[in-house]
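Colleague:
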Amino acid sequence: MGRGRDMFLRMTAALMIVLLPLVVEGALRTTDRYGYKNAESDVKILKSILARHPGDLKTLQRLIELTFSMENFDQTEKYCEQYLAVEKNSRAAYLKIIAAASLGRFKSAADQVDPFISNYKNELSRSDVELL
Numbered sequence: 007m008g009r010g011r012d013m014f015l016r017m018t019a020a021l022m023i024v025l026l027p028l029v030v031e032g033a034l035r036t037t038d039r040y041g042y043k044n045a046e047s048d049v050k051i052l053k054s055i056l057a058r059h060p061g062d063l064k065t066l067q068r069l070i071e072l073t074f075s076m077e078n079f080d081q082t083e084k085y086c087e088q089y090l091a092v093e094k095n096s097r098a099a100y101l102k103i104i105a106a107a108s109l110g111r112f113k114s115a116a117d118q119v120d121p122f123i124s125n126y127k128n129e130l131s132r133s134d135v136e137l138l
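Under this note's numbering, the first residue of the sequence shown is numbered 7, with each subsequent residue one higher.
1. Pop quiz: A106 and E83 are said to be a contact at Cβ under 8 Å. What is the actual Cβ separation, rounded to whole angstroms?
2. Hey, out of S75, R11 and N125, whose CA is closest to A45's CA?
3. Can you tell me whether P60 is helix, strand or coil according to DSSP?
4. Spatial neighbours of K53 within its chain, please: C-beta separation below 8 Å, excluding the five flanking residues on both sides.
5. Identify whether M76 lies in helix, strand or coil by the three-state DSSP scheme.
6. Alpha carbon to alpha carbon, how far is T65 from A115? Give it in angstroms, no decimals.
7. Using C-beta distances below 7 Å, list every residue in its chain close to F112, excluding the 5 sequence neighbours before and after it, in chain order.
8. For the ligand NAP, is there a heavy atom less than 7 Å away from the beta-carbon of F74?
9. In angstroms, rounded to a whole number, what distance separates the CA positions of S124 and M22?
10. DSSP state of K53, grouped into three classes?
11. Would you decide whether L15 is buried or exposed? Buried here means 16 or more other CB atoms lie within 10 Å of its CB.
Have a look at this one:
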């Protein structure tokens, strides 16, 4: 009885070792499950929430992220302004600069860099400042 159980454990261990790369590869494979269509419907929902709760920072933050990833930089810039009117936030200010530059508003983006550095210098590394 002991030999049969040992053989079973060895076979199970060998099978797990053989199948492990397949399981890991499947778990690490990224797919585009969250598509553009889903993002558009999420933006509509978030806009309706924002209409009812204009100062909702979590909704504004999510709108900023979605519109930026969808490359709707004019909307990104608008939501960043709304967010920054309520609370200072380095990420919102940074994305506002990037959105302005992406829209070809280079002077506007350049004019925002110095205030950004002075307002958020504690959060920036030296390399961040040099890049800006």
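Positions of the beta carbon are idealized from the N, C-alpha and C atoms, including for glycine. Here the structure is a predicted model, which means the values were calculated and not measured.
Modeller: Taking the structure as given:
1. Residue 106 sits at position 100 when you count from the first residue of the sequence shown. Residue 83 sits at position 77 when you count from the first residue of the sequence shown. With 8 Å as the limit, A106 and E83 qualify as a contact, their Cβ atoms being about 6 Å apart.
2. Within the sequence shown, residue 45 is the residue found at index 39, counting from 1. Selection S75, R11 and N125 evaluated against A45 yields S75 as nearest (Cα-Cα).
3. Position 54 of the sequence shown holds residue 60. The three-state secondary structure of P60, taken from DSSP, is coil.
4. As a first step, residue 53 is located in the sequence shown; it is residue number 47 there, counting from the start. Leaving aside the five residues that flank K53 on each side, the residues in its chain whose CB is nearer than 8 Å to its CB run, in chain order, L69.
5. Stepping through the sequence shown from its first residue, residue 76 is reached at position 70. Here M76 sits in coil by DSSP.
6. As a first step, residue 115 is located in the sequence shown; it is residue number 109 there, counting from the start. As a first step, residue 65 is located in the sequence shown; it is residue number 59 there, counting from the start. A115 and T65 have their alpha carbons spaced roughly 24 Å apart.
7. For the purposes of this step, residue 112 is identified with residue 106 of the sequence shown, where counting begins at 1. Same-chain partners within the cutoff: there are none.
8. No copy of the ligand NAP occurs in the structure displayed, which carries no ligand at all.
9. One-based indexing of the sequence shown puts residue 124 at position 118. One-based indexing of the sequence shown puts residue 22 at position 16. Those two C-alpha atoms are separated by around 56 Å.
10. Taking the sequence shown and counting its residues from 1, one reaches residue 53 at position 47. Reduced to three states, the DSSP call for K53 is helix.
11. Taking the sequence shown and counting its residues from 1, the one referred to as residue 15 is at position 9. Here L15 is exposed, its C-beta having fewer than 16 other C-beta atoms within 10 Å.
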